[in-house]
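Undergrad:
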Amino acid sequence: MSTDVTPATLTPSVIGQAEKHHTAVLARALAGTTLDEKQWIVLNQALAAGAPVERGAHIAQVAAMTQWARTEVETAVNALLAGALLATTPHGLLEPTGTGKAMVSKVRAESGAIVAAVYSAVPAEDLATTARVLATITARMAQELAGA
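Numbered according to this note's numbering, the sequence shown spans residues 745 to 892.
#1: Can you find at least 3 beta carbon pairs, one from the segment 822-831 and one from the segment 763-773, that sit closer than 8 Å?
#2: Quick one: complete beta strand (DSSP E) runs, 3+ long, within the segment 775-823?
#3: Tell me the rounded alpha-carbon separation between residue 888 and residue 774.
#4: Taking the alpha-carbon positions, what's the residue 837 to residue 789 distance?
#5: In terms of residues, what are the limits of the beta strand (DSSP E) holding residue 832?
#6: What are the start and end residues of the beta strand (DSSP E) that includes residue 837?
#7: Compute the Euclidean distance between the alpha carbons of residue 873 and residue 879, then round it to the nearest angstrom.
#8: Three-state secondary structure (DSSP) at residue 867?
#9: Should residue 871 go down as buried or exposed, given a rule of 16 or more other Cβ atoms within 10 Å for buried?
#10: Cβ atoms of residue 840 and residue 791: under 9 Å apart, would you say?
#11: Is the distance from the Cβ of residue 758 to the Cβ of residue 786 below 9 Å?
#12: Please classify residue 877 as buried or exposed, where buried requires at least 16 neighbouring CB atoms within 10 angstroms.
#13: Hey, would you say residue 854 sits closer than 9 Å to residue 772, going by beta carbons?
Below, the structure written as structure tokens:
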């Protein structure tokens, strides 16, 4: 009897298990902060934009990438504004505050150390192939959901 537990092919179960483990790593890094997963993603994406973002466009982008309802993203934006992790510029755009940027750095450092250690066990060419496959699957799922 084989003790090999490596799946023979990529399945929704394999993807789901990987996603759940990534979420658990993030939850560990978020412990002790004021952030939940939705707030983290909204804040992280605002910082990743590299410049202040238009509120409605940011909400739409995060809702589309996560498949969350716009109202859920709006709630996260409001919590980040109330917590002074996001601020509104004089032109009405959203931008991370210094405290928000520090929070992102802290969470990225904690979760990044674990993710880097795990991903380093996989050859770079396998990671590149996996990225292409998952991007294709995600794009096709988005098309299917949009057509439903």
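Just so you know, even glycine gets a beta-carbon here, dropped at the ideal spot from N, CA and C.
TA: Put simply:
#1: Here the segment 822-831 makes no contact with the segment 763-773; the two share fewer than three CB pairs at distances below 8 Å.
#2: Counting only runs of 3 or more, we get nothing.
#3: Their Cα atoms are separated by approximately 32 Å.
#4: About 14 Å.
#5: Judged by DSSP secondary structure, residue 832 falls within the beta strand (DSSP E) whose first and last residues are 830-832.
#6: Residue 837 -> beta strand (DSSP E) spans 837-840.
#7: Distance between residue 873 and residue 879, taken at the CA atoms: about 10 Å.
#8: Taken through DSSP and simplified to helix, strand or coil, residue 867 comes out as coil.
#9: Here residue 871 is exposed: its Cβ has fewer than 16 other Cβ atoms, across all protein chains shown, within 10 Å.
#10: In this structure, the beta-carbon distance from residue 791 to residue 840 falls below 9 Å.
#11: Going by C-beta atoms, residue 758 is not nearer than 9 Å to residue 786.
#12: Flag for residue 877 reads exposed.
#13: Yes.
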